[in-house]
Structures are given as C-alpha cells and as structure tokens.
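Residue numbers are given in this note's numbering: position 44 of the sequence shown equals residue 92, and the series is strictly consecutive. Every residue, glycine too, gets a C-beta built ideally from N, C-alpha and C.
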Amino acid sequence: MLNAVEISKEVKLEQLNKVLESHVLHGSESLKAFLRFVVLKAIDDHDTSVKEYTIATEVFGRHSTYDPRNDSVVRVQASRLRAKLQEYYANEGKDDKIIIDLPKGGYLPTFALQVVEKSFDALPPLDLAAHDLGALTLPVAPTNRQATWLKLALGALMVAAAGLLGLTIYYRAEANKGPETAVTNPNEALQLQAAAPLWNEFLKPSEPILVSFSNTKFEGTAETGMKILNPIAPSAKTDAPKNAEDNSRVITEHYTGIGEVMGVYALADFFSRARYPFKVKRSLLLTWDDLRSNNIVILGSSAENYLLRDLPQQQDFVFGVFKDDGGNMSFGLANTKARAGEDRFYFAKQEGPSRSQISEDYALISVLKGLDADHRLMILGGITTYGTQAAAEYVSKPEHIKEMIAHLNLAPNTTPAKLPAYYQIVIKVKVNGGVPVQISYVTHHVL
C-alpha cells in the first residue's frame, strides 16, 4: 500500500543508493546513471521534469545535435529502467519503505511511502495438546496479546528451521569444492559450480589469473585529433615497431574502449564472487613472458592488441580487413574453415556515420593453448567495443555460460559436462543506445 506523504531528501537519497546497489541493477551502469541523474534532478530542482535532450547529452553522451526523432536511446533505456524498478520492488525491495517510480510519459521520478502490512492470520493455530509443555502453564483462553506472541514464536521457529535446512545444504555443497571457490551465498555457489566446466582449467590455486585490457596507441591528442597509430591493414604485415620509435610523432596510449572497461568489471565481479585472485594489466605492457607463465584473459581483438597479431596458435576464425557486402573494405571476422550453413564473413551493422551508432555486432571467444602446456589463453574480442563487452558477459554470467556449455559439451549424457580443450565461439550482439541488450550463440569450432 502506498502512502503519499512528505519524504525528506535524505530518505530519498538513501533509497536511491539502495536501488543502485541492488542485484537487479548489478552491471547495468547506464541504467544506474540514468536513475541517479533523474532522481538527483528531481530532488535538487524541486520536481522539475527532465527533458529527453538533456538526458541524451548528459547521461548517454550524445552530441549537441541529438534529435530524438532519429535516436530513441532515452525512451528505450527508460523502458528498461521501469522494468528493472518493477523487478526490484517485486523481489529485493518488497519490504522497502520508499517506492521510487518513473511513470510513463515523462522522466520525472516519483517517491511514495510503502506501508508493508504483515498478517499472521494465515499461520496454523497452535495445538497445545500435541506438545509436552512440562511445567509451562497457560490460561485456558489466552488474551489477544498472548495469542499474538504465540503466533510470532511459531513463525520464528519455522524461519529458524528453514534457515538450518538451508545452511545444511549450503555447507554440504561447500565441502565438495576447493577453498578458491568458497562463497557465502548458496545460490552463488550453485552458479559457480555450473561455470566450472568453462573456468576450471583457468582458475589454478597456485597463481592468480591475469586479465589484460586493450589500450591502443594513437597518433595525436584529444585536442588536436587522434587516429589509430597502427591499424590492421588488408596485408598481414604491420610496421608497429617502426612507428613506435618515431619520435617526431605525438603518441597517445592511455585510452581504451567502453566495452573493454565494462568487460573488466564483469570479469572482476565473477572472480570476486568465486573468491579467486586476479591481476589486471594493460595490453601495451603485456609480454611474451606473461603469456608463457600465466593463464590470461585478453579483452579486445587484434585491432587493439598488437601482441595477438603474432600468436603462433592456429585459429579458424580471424579478425582482419575484408570486403563487405557493399564492396567496401571493412574490419570484421573471417571464418577460414566455413562449414555448411556458416557465413564466411561477419561484419558489424552501423545505423549512421558514427561508430557509436552500431546496432549489431559480432564477437569471438577463443580458448587457446598458452605458450606452454600448463597455461591457457582466452581472448574476448568484438568487431567493435560493444562486442568485446558482450563476450566478457557471455563467459561471466550464469545464463550465458549455461548456453555456451550446452553447445560445447562433449558428454551430454554424463555429469559434469566436459568441454573441448581448445575452441572458438562466435556470438551475435544486438546493441541499443550503446548498450549490448541481447547476446546469442552463432557457431563454434573445436580446434
């Protein structure tokens, strides 16, 4: 039940933080930014409605020429946010005192007091005759207060019994796992157990996994304009060492893609929940010794990670510049050993002149042998940065890992699942407003 009463600014901010830190919005940074922006505007500007143009430019980074008739990012994200708020208050926030809502037709959030009414009438009555009460005596006709306390006591016993049963199941599951995967949430324990066929060969107790994110070298600066220093050309050879040593050029190397940043976050969250140590290193500092002595996850394709252009491992799917359907030379993904029903090439779809207007992308997940027999290499790369983010989510979120294992499982009739040692998977990514909104399996090759 909602009660429209005056709610202080402090209480509104407290509820905002509670929603932002919820599991429902976990990993949805764009929706968090959207919610935070409109709530703070509503609080500070005394319930003044926020314009769609303002949200597009200040939250989603659209240019000052933004036209809502051609770009629906705000409306799409508002719809997603409303659905997330409904999900939150139906589950995690069902007992919260404050309801934050974003009514349709505008972007002005509302705040209302939720009165949670709890009743014990549904509890079964106590059967005193069925228990040995010993020296305990009660009036034949207990008062209303005594009856209420009896119902409360029974409810507490039922909760305690359920809790003990849950703890028993949880600790039995924990006893069958190594210390590196110990978690405090039984549901997370089951999710991590389901991910074991994919990650077991990477998560070794004796050493942390190394996560490397791309940070391409650019010629120029943000003030004068930048262009990639060593782009992938149609030819296989590059001149990166020569360019890197040219002191007459201004070299910038401290930028990385949005998808790579979000990908690091997704992987870090997964490893943290698994209680597994990890290290993070930018790709320009990555060495061949790192590849030889670590299990490594690399974010980004060979367009941004120069080291990947010289890997000795044979691969069926490779990134490069190829002729697209329109006859233009475009960066994409080639299937060098296409089977019946498979496409030979994959290219991103762009709905305008800017690369921020990508509507569809493809990404490649490669699990390869390391430079020695004891280590493995996982490469998560998209044709664009959005594909890279989707690839990281695909290997770190339970629903995607489940789909992945279903396609790769070599022993479908036995438990646990068994995956091939080395393989490549192509996934398709739907992008809306710069956010991967749908990820689906396309095909895979066992290497």
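Give every residue of the same chain whose Cβ lies closer than 7 Å to the Cβ of Leu246, excluding the five residues on either side of it in the sequence, and list them in chain order.
By one-based count along the sequence shown, residue 246 stands at place 198. Cβ neighbours of Leu246 beyond the five flanking positions: Val443, Ile449, Met452, Ile453 and Leu467.
Taking C-beta to C-beta, are Asn480 and His423 nearer than 9 Å?
Taking the sequence shown and counting its residues from 1, the one referred to as residue 480 is at position 432. Taking the sequence shown and counting its residues from 1, the one referred to as residue 423 is at position 375. No, Cβ-Cβ distance for Asn480 and His423 is not below 9 Å.
So, using beta-carbon positions, are Glu140 and Ser70 closer together than 9 Å?
As a working mapping, residue 140 is identified with position 92 in the sequence shown. As a working mapping, residue 70 is identified with position 22 in the sequence shown. Yes, the pair counts as a contact, with Cβ atoms nearer than the cut-off.
Kindly indicate which three-state DSSP category Gly368 falls into: helix, strand or coil?
If you number the sequence shown from 1, residue 368 lands on position 320. DSSP places Gly368 in strand when its eight states are reduced to three.
Given a threshold of 16 other Cβ atoms within 10 Å of its Cβ, counted over all protein chains shown, does Glu58 qualify as buried or as exposed?
If you number the sequence shown from 1, residue 58 lands on position 10. Classification for Glu58: exposed.
Nearest-angstrom Cα distance between Tyr313 and Ala440?
As a first step, residue 313 must be located in the sequence shown, where it is residue number 265. As a first step, residue 440 must be located in the sequence shown, where it is residue number 392. Taking the straight line from one Cα to the other gives about 9 Å.
Excluding the 5 residues preceding and the 5 following Lys80 in the sequence, name in chain order all residues of the same chain whose CB lies nearer than 8 Å to its CB.
Here residue 80 refers to the residue found at position 32 when the sequence shown is read from its first residue. Hits under 8 Å: Leu68 and Leu73.
Between which two residues does the alpha helix (DSSP H) carrying His448 extend?
Along the sequence shown, read from residue 1 onward, the residue named residue 448 stands at position 400. Pro446 to Leu456 is the span of the alpha helix (DSSP H), which, as asked, contains His448.
Leaving aside the five residues before and after Met206 along the sequence, list all residues of the same chain whose C-beta is less than 6 Å from its C-beta, in chain order.
Taking the first residue of the sequence shown as 1, we reach residue 206 at position 158. Caution applies to Met206, whose pLDDT of 46 falls short of 50 and renders its modelled position unreliable; the value that the coordinates give is listed next. Excluding positions up to five away in sequence, the list is empty.
Taking only three categories from DSSP, how would you classify Asn343?
In the sequence shown, the residue the question calls residue 343 occupies position 295. If DSSP states are grouped into helix, strand and coil, Asn343 belongs with coil.
Nearest to Gly109 by alpha carbon, out of Ser404, Pro460, Met426 and Thr432?
Taking the sequence shown and counting its residues from 1, one reaches residue 109 at position 61. Taking only the C-alpha atoms, the option nearest Gly109 is Ser404.
Taking only three categories from DSSP, how would you classify Ile103?
The count along the sequence shown starts at 1 and reaches residue 103 at position 55. Looking at Ile103 - three-state DSSP - the assignment turns out to be helix.
Which of helix, strand or coil does DSSP assign to Pro245?
Position 197 of the sequence shown, counted from the start, is the residue given in the question as residue 245. Looking at Pro245 - three-state DSSP - the assignment turns out to be helix.
Just to confirm, are Thr300 and Lys265 a CB contact at a threshold of 9 Å?
Here residue 300 refers to the residue found at position 252 of the sequence shown. Here residue 265 refers to the residue found at position 217 of the sequence shown. In contact: Thr300 and Lys265 (Cβ atoms closer than 9 Å).
Pairing CB atoms from the segment 412–430 with CB atoms from the segment 460–477, are three or more of them under 8 Å?
A contact exists between the segment 412–430 and the segment 460–477.
Would you decide whether Thr433 is buried or exposed? Buried here means 16 or more other CB atoms lie within 10 Å of its CB.
To locate residue 433, count along the sequence shown from 1; it is residue 385. Under this definition Thr433 is a buried residue.
Would you call the CB atoms of Asp410 and Gly374 closer than 9 Å?
Here the question's residue 410 lines up with position 362 in the sequence shown. Here the question's residue 374 lines up with position 326 in the sequence shown. Correcting the residue identity first, residue 410 is Tyr in this sequence and not Asp. No, they are not a contact pair.
Taking just the CA atoms, how far does Tyr354 sit from Met426?
For the purposes of this step, residue 426 is identified with residue 378 of the sequence shown, where counting begins at 1. For the purposes of this step, residue 354 is identified with residue 306 of the sequence shown, where counting begins at 1. Going by the C-alpha atoms only, they are around 16 Å apart.
Provide the residue span of the beta strand (DSSP E) that contains Asn139, from first to last.
On the sequence shown, residue 139 is found 91 positions in, with the first residue counted as 1. Where Asn139 is concerned, there is no enclosing beta strand (DSSP E), given that its DSSP letter is neither H nor E.
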